[in-house]
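First comes the structure, then the notes that go with it.
Residue numbers (this note's numbering): 6 to 1032.
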């Protein structure tokens, strides 16, 4: 428009502001740069959008672009006029009434101050008097991902002495500078930080330093040192743990009493927003204890160790990962009892030094000591501890302490009063996590108790027993005690491999097999148990010197071995001594064997003098020839005496045998060998042989009466076996139907009966004990009579079958007809059972069919199911299901009708057969019925049934059986009930001599097993022995 171009007309557009300068007027006050009251100079008021008229003679109007602040910018404002800043202040206060510096008059009237302003301009368009305000546009503060902003305030209250960081105040993350000042914000470094985001911050007031976030990787921990906080108390090395969000809340750290210096708390893996001006963070790797290794720990802080304590106690601190718990629970400085096992640990390495295989040598250890300790197969580990209570005086090892998991939990061991030093408890084969500062392990082999031996355990540890020790000449200082007490354990250790702590317990090996000792002058290896035993030289009552060779067989029952060791005394060898046999004549019983010093002690200390003294004293009661003739009685008495004497030592005397009695030369001519005249004929010898008697002895005149008795017994045995021929032959004929087979079988059966009868009589011997009522005799007699009764029944039964053959055949024929009828009914019964099962299943389907029909109809009517009326998809599914059930029902019903028809046909066939039994029953399975009904067992059953029905048959049965029982047991009863006669004594003497001869034969054969290198010398010795 033309008016807009007229002089004095000024058009201000929307994006402009008009700044007015007055050319004439009163001068400005000296402290003013902007006119408030029409003075000459730049006017405080501006011209907004529109037409304005100002005389060009009096005014100059300068149009300027309005200040535009984009969204990622701020405007920093400096006021060129206003009140002076108070002393110490660097920024002018915010004047709310000035409309973001667009109303200069309001700014000045409301106390706006000259200089840099706390207030800033944010995103927008501002019509500001640029003569009053200078605006500097700058970027907003951006904190990117993985960054934080550290803030330093250039204005605010001065920090108190000793304080390094300004407290956090409410100021909208430093975007409200006025609030920061008003709320007492401090000048300098700030506790509060800026996290990821964009901030409209007055960068003239706040200096922002962007730094990376603290990143702790998964295999690291962060160790923290605080540069501000309360000073550490005297003697405290680490700052206590306070609630501060893993050091991300610096204000909470200070407010909650956080302390300067190294911190107990650590930073776990992750991203952490930490004020790195306040906290210095060191990334250190996790403690890695590799598989098969352990870690030892040294604490740099904690309570002092009490005097005498070697290692610091274990406390609950999550494997040293909770430093606060370690100190709060009384953790102590120095080397720790607790260890680290395989795994990764987040440990504050400023507080705890961890010793691993990598740095073991720096701490005086070998890397292998930091390995999981392995006790090898076949060994045990004997343990010595370096910490605990001192052992009581006189004790050599600490007792077993329960609950420390084989020394893997030292604190449990100490808490339960474990002792320092050698331990009774040991560790078995396996892998063990042991603290080498706490224990030392020595591996020893398992104790092997060989087969045929037991081990007597002598314990030097355990509770003291009040048991009285059995008195012994040899001064065994250990009583027999239960397990757990100090002394000889009352239960021996059986053969096998056993874990035994041989540093506190010793094992004495005792053989559990029979041991034969010989008193003879023959050469024996020096290692033999009987090497010192020589032929006994005895003086008889009539003054002759007898040379007696004796054999003593002993056995030590395992349960008695502790008693033997207690009485005889512990040998100086604690196990066994393998012997290398070289040269000389070896004892057959010890060739290649292992010798045990426990038996050597028994022989040398007890048995040698016991046997020698008994036979010396006994010989003085007999003349020389009487001693020879009564050797059996002397041997029996010696056996009883030595058995009784050795029993007190826990040793069983199995037998004492007089081998050879050497008479002086002047008595040899008196010994004559008697002769026997055998004048028996062949029949008598055969009958005596049938009776199991020795006809050579019965031929002597002293046995004339007994010869007749044994002849009668033999005749009875022969007659019984003869009867068995017919009995067995008939029984076999009923089975095979062959005469030849029956004859052969009957003869064989007679031979068996004959030998059984002869064995029973031969083994029946009368013992010379009062009334013969001892338990072994009664048991043996009863068993023989029981066998005889069984034989009599076996022989009698076939004869009874032959006597009642006609009656038995009639009974069997009757049973055949009954069996045939049952066979006819079997198919009918089977079909009836099948029909019953089908009817059960048919009823089941009938019920299901009814339910399915009802469900389909209800679905169609809409009363059930979907509730919709009509025959839809659901109805069709239910109808199909009902039809399927109906078809199955009809199918089962047809099967039932078919089987009922079959039953009717079978019944008609059965009736036809039964109407003419004479022809049809004989043809029906006749061969099968005959096989089942004519056998031996069937005839026995038939006889039993006849006996029940007919008393006459039953009585005759019993009479025949009683007859054969009498015949069968009479020889045994005659022999057992008759007195012991000359034949019995002569037979015992002969058998005794044969036993001695057999013993010497075995001795000779065993000696012949010597090595080839010693055979010549051995044969020379044998010749001398035989002569």
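Glycine is no exception: its CB is placed at the ideal position from the N, C-alpha and C atoms.
Query raised in the report: Would DSSP call residue 665 helix, strand or coil?
Result: For the purposes of this step, residue 665 is taken as the residue at position 660 of the chain shown. It is a strand residue.
Query - Beta-carbon spacing of residue 191, residue 146 below 7 Å - result: If you number the chain shown from 1, residue 191 lands on position 186. If you number the chain shown from 1, residue 146 lands on position 141. Their beta carbons are not under 7 Å apart, which means residue 191 does not touch residue 146 by this criterion.
Requested in this report: Following the continuous beta strand (DSSP E) through residue 503, name the residue where it begins and the one where it ends.
Outcome: As a working note, residue 503 is residue 498 in the chain shown. Unbroken beta strand (DSSP E) run through residue 503: 501–503.
Query raised in the report: Pairing CB atoms from the segment 538–548 with CB atoms from the segment 417–434, are three or more of them under 8 Å?
Result: no
Query - First through last residue of the alpha helix (DSSP H) which encompasses residue 10 - result: Start at 1 with the first residue of the chain shown, and residue 10 comes out as number 5. No alpha helix (DSSP H) contains residue 10, which DSSP labels as neither H nor E.
Query - Where residue 47 falls: helix, strand or coil (DSSP) - result: Position 42 of the chain shown holds residue 47. Strand.
Query raised in the report: Under three-state DSSP, which class holds residue 185?
Result: For the purposes of this step, residue 185 is identified with residue 180 of the chain shown, where counting begins at 1. Residue state, collapsed to three classes: helix.
Query - Neighbourhood of residue 703 by C-beta, 8 Å cutoff - its chain only, sequence neighbours within 5 removed - result: As a first step, residue 703 is located in the chain shown; it is residue number 698 there, counting from the start. Closer than 8 Å at the Cβ level, and outside the excluded window around residue 703, lie 685, 693, 711, 712, 715, 988.
Query raised in the report: For residue 318, which of helix, strand or coil comes out of DSSP?
Result: Sequence index remark: in the chain shown, residue 318 carries index 313 (1-based). Residue 318 falls in the coil class under three-state DSSP.
Query raised in the report: Do you know how far the Cα of residue 861 is from the Cα of residue 868?
Result: As a working note, residue 868 is residue 863 in the chain shown. As a working note, residue 861 is residue 856 in the chain shown. Answer to the nearest angstrom: the Cα atoms are 10 Å apart.
Requested in this report: Sort out for me which residues DSSP pairs residue 287 with in a bridge.
Outcome: Taking the first residue of the chain shown as position 1, residue 287 is located at position 282. The partner list for residue 287 (beta bridge, DSSP) reads 228.
**Report entry** Separation of residue 661 from residue 520, as counted between CA atoms
**Finding:** Locating residue 520 in the chain shown gives position 515, where the first residue counts as 1. Locating residue 661 in the chain shown gives position 656, where the first residue counts as 1. Taking the straight line from one Cα to the other gives about 12 Å.
Query raised in the report: If you draw a straight line from the alpha carbon of residue 291 to that of residue 222, how long is it in whole angstroms?
Result: Reading the chain shown from its first residue, position 286 is the one you call residue 291. Reading the chain shown from its first residue, position 217 is the one you call residue 222. One C-alpha to the other measures close to 10 Å.
Requested in this report: Can you tell me which of 608, 643, 295, 637 puts its alpha carbon nearest to the alpha carbon of residue 622?
Outcome: The count along the chain shown starts at 1 and reaches residue 622 at position 617. Here the closest residue by C-alpha is 643.
Requested in this report: Starting from the Cα of residue 73, find the closest Cα among 54, 32, 133, 112 and give me that residue.
Outcome: Residue numbering aside, residue 73 sits at position 68 when the chain shown is read from its first letter. It is 133.
Requested in this report: Leaving aside the five residues before and after residue 467 along the sequence, list all residues of the same chain whose C-beta is less than 6 Å from its C-beta, in chain order.
Outcome: Here residue 467 is taken as the residue at index 462 of the chain shown, counted from 1. Excluding positions up to five away in sequence, the list reads 489, 490, 491.
Requested in this report: For residue 296, I'd like the list of residues in its chain whose CB is within less than 8 Å of its CB, leaving aside the five on either flank, ordered along the chain.
Outcome: Walking along the chain shown from the start, residue 296 turns up at place 291. Contacts found: 347.
**Report entry** Alpha carbon of residue 458 to alpha carbon of residue 602, nearest angstrom
**Finding:** In the chain shown, residue 458 corresponds to position 453, counting from 1. In the chain shown, residue 602 corresponds to position 597, counting from 1. So the two alpha carbons sit approximately 13 Å from each other.
Report task. Identify which residue in 518, 616, 606 has its Cα closest to the Cα of residue 524. Result -> On the chain shown, residue 524 is found 519 positions in, with the first residue counted as 1. That would be 616, whose Cα lies nearest to the Cα of residue 524.
Query raised in the report: Should residue 142 go down as buried or exposed, given a rule of 16 or more other Cβ atoms within 10 Å for buried?
Result: Position 137 of the chain shown holds residue 142. Result: exposed.
Query raised in the report: Count the other CB atoms within 10 Å of the CB of residue 635; is the residue buried (16 or more) or exposed (fewer)?
Result: On the chain shown, residue 635 is found 630 positions in, with the first residue counted as 1. The residue is exposed, with fewer than 16 neighbouring Cβ atoms inside 10 Å.
**Report entry** 8 Å contact criterion, which residue 372 and residue 362 should meet: CB distance rounded
**Finding:** Position 367 of the chain shown, counted from the first residue, corresponds to residue 372. Position 357 of the chain shown, counted from the first residue, corresponds to residue 362. At roughly 4 Å, the Cβ-Cβ gap stays under 8 Å, so residue 372 and residue 362 are in contact.
Query raised in the report: Does the Cβ of residue 241 have 16 or more other Cβ atoms within 10 Å, making it buried, or fewer, making it exposed?
Result: By one-based count along the chain shown, residue 241 stands at place 236. Residue 241 is classed as exposed because its beta carbon has fewer than 16 other beta carbons within 10 Å across all chains shown.
Query - Residue environment, residue 854, which counts as buried when at least 16 other CB atoms sit within 10 Å - result: Numbered from 1 along the chain shown, position 849 holds the residue referred to as residue 854. Around the beta-carbon of residue 854, 16 or more other beta-carbon atoms lie within 10 Å, marking it buried.
Query raised in the report: Around the Cβ of residue 98, are there at least 16 other Cβ atoms within 10 angstroms (buried) or fewer (exposed)?
Result: As a working mapping, residue 98 is identified with position 93 in the chain shown. The residue in question, residue 98, is buried, as its Cβ has 16 or more Cβ neighbours within 10 Å.
**Report entry** Residues near residue 12 in its chain [Cβ-Cβ closer than 8 Å; skip 5 each side]
**Finding:** Within the chain shown, residue 12 is the residue found at index 7, counting from 1. If we look at residue 12 and ignore the five residues flanking it on each side, its Cβ neighbours are 61.
Query - Host beta strand (DSSP E) of residue 447 (start-end) - result: Taking the first residue of the chain shown as 1, we reach residue 447 at position 442. Unbroken beta strand (DSSP E) run through residue 447: 444–450.
**Report entry** Under 7 Å between C-beta atoms of residue 96 and residue 158
**Finding:** Position 91 of the chain shown, counted from the start, is the residue given in the question as residue 96. Position 153 of the chain shown, counted from the start, is the residue given in the question as residue 158. In terms of Cβ geometry, residue 96 and residue 158 do not form a close pair [threshold 7 Å].
Requested in this report: State the DSSP-derived secondary structure class of residue 616, mapped to helix, strand or coil.
Outcome: Translated into positions along the chain shown, residue 616 becomes position 611. Correct three-state label for residue 616: helix.
Requested in this report: Give me the Cβ distance between residue 321 and residue 334, rounded to the nearest whole Å; I'm assuming they're in contact under 8 Å.
Outcome: Along the chain shown, read from residue 1 onward, the residue named residue 321 stands at position 316. Along the chain shown, read from residue 1 onward, the residue named residue 334 stands at position 329. That belief holds up - the Cβ atoms of residue 321 and residue 334 are roughly 6 Å apart, short of 8 Å.
Query raised in the report: Thinking C-alpha only, which one of 389, 688, 444, 424 is nearest residue 374?
Result: The residue given as residue 374 occupies position 369 in the chain shown. Nearest C-alpha to residue 374: 444.
Requested in this report: Can you give me the Cβ contacts of residue 305 inside the same chain, cut-off strictly under 8 Å, excluding the 5 residues immediately before and after it?
Outcome: Residue 305 sits at position 300 when you count from the first residue of the chain shown. Result list for residue 305: 242, 338, 355, 356, 357, 358, in chain order.
Query raised in the report: Going along the chain, which unbroken runs of the beta strand (DSSP E) with 3 or more residues stay wholly within the segment 22–78?
Result: 46–52, 55–58, 64–70, 72–74
Report task. Taking only the alpha-carbon atoms, compute the straight-line gap between residue 89 and residue 119 and give it to the nearest angstrom. Result -> As a working mapping, residue 89 is identified with position 84 in the chain shown. As a working mapping, residue 119 is identified with position 114 in the chain shown. So the two alpha carbons sit approximately 6 Å from each other.
Query raised in the report: Using 8 Å as the threshold, is the segment 162–177 in touch with the segment 188–202, meaning 3 or more CB pairs across them?
Result: Touching, yes.
Query raised in the report: With a Cβ-Cβ cutoff of 7 Å, do residue 326 and residue 344 count as a contact?
Result: As a first step, residue 326 must be located in the chain shown, where it is residue number 321. As a first step, residue 344 must be located in the chain shown, where it is residue number 339. Not a contact, by the Cβ cut-off of 7 Å.
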